[in-house]
Amino acid sequence: SQEGIYQHYKAISKISPLPIILYNVPGRTMSNVTAETTLRLAHDFKNIIAIKEASGNLEQCMRIIKHKPKDFLVISGDDNLTLPLMACGADGVISVVANVFPEDFSEMVRQAAKSNMAVAQKLHYKIFEITEQLFADGNPGGAKEALSLLNVCGPDVRLPLVVPNEKVQKRLKELISKY
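Numbering (my numbering), first residue to last: 58 to 236.
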């Protein structure tokens, strides 16, 4: 429940000597941290300093951005939603794609932070299709496959993770060769 989530972070907040970043990733946890719960935590505990928001719910993210404490950060946890979230006032991203295309992804974030949306948008769409494929058959398998194609590392992942299926591998190879 939302109260359970609140009490969990409250307990952590009371004992943590370090700042805390909430992580909302309902696709992996099967539990969404609502805007109301996020805002309650942000207002009640000064050492809860940010949320990595990966719900995919722009309305929820905008509600958090609009009502958050001044020093509370909203950080995208969804690479393809980073630019729209930053356009709405998010502060940045904790990214997977930046590990594969650090220059372009970092530049997109820098330009968005400067409100230079035309340049940021161009970079966003340059990597958009590749980003979709990186997650098409699970993370981090797609990223490892892309990094392998770029001769950075091998594609192997540990079980229970597996490499992407052949269709995704082929599409990634096509997209990266055109990049």
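All C-beta atoms, glycine included, are put in the ideal place defined by N, C-alpha and C.
8 Å Cβ cutoff met for residue i and residue j
i: LEU142; j: ILE105; result: no
i: ILE132; j: GLU164; result: no
i: ARG97; j: TYR63; result: yes
i: HIS181; j: LEU140; result: yes
i: GLY113; j: ASP135; result: yes
i: ALA169; j: PHE162; result: no
Neighbourhood of residue i by C-beta distance below 8 Å, restricted to the same chain and skipping five residues each side
i: GLN59; result: VAL90, THR91, GLU93 and THR94
i: HIS124; result: ALA92 and LEU96
i: ASN222; result: ASP194
Closest residue to residue i among the options (Cα-Cα distance)
i: GLU189; options: ARG215, VAL153, ASP161 and LYS123; result: VAL153
i: VAL82; options: LYS179, ILE69 and GLN117; result: GLN117
i: LYS183; options: PHE158, PHE102, PHE192 and ARG167; result: PHE158
i: SER70; options: SER88, PHE102 and MET174; result: PHE102
Collapsed DSSP secondary structure at residue i in the structure displayed
i: ASN17; result: The structure shown does not extend to residue 17, since the chain spans only 58 to 236, so no value can be given for it.
i: TYR182; result: helix
i: TYR236; result: coil
i: VAL131; result: strand
i: ALA147; result: coil
i: ASN137; result: helix
i: ALA193; result: coil
Own chain residues within Cβ distance below 7 Å of residue i, not counting five before or after
i: PRO76; result: ASN104 and ILE106
Checklist entry - Are three or more beta carbon pairs between the segment 186-201 and the segment 211-219 nearer than 8 Å? => result yes
Item to check | Three CB pairs or more closer than 8 Å across the segment 201-210 and the segment 221-234 | outcome: yes
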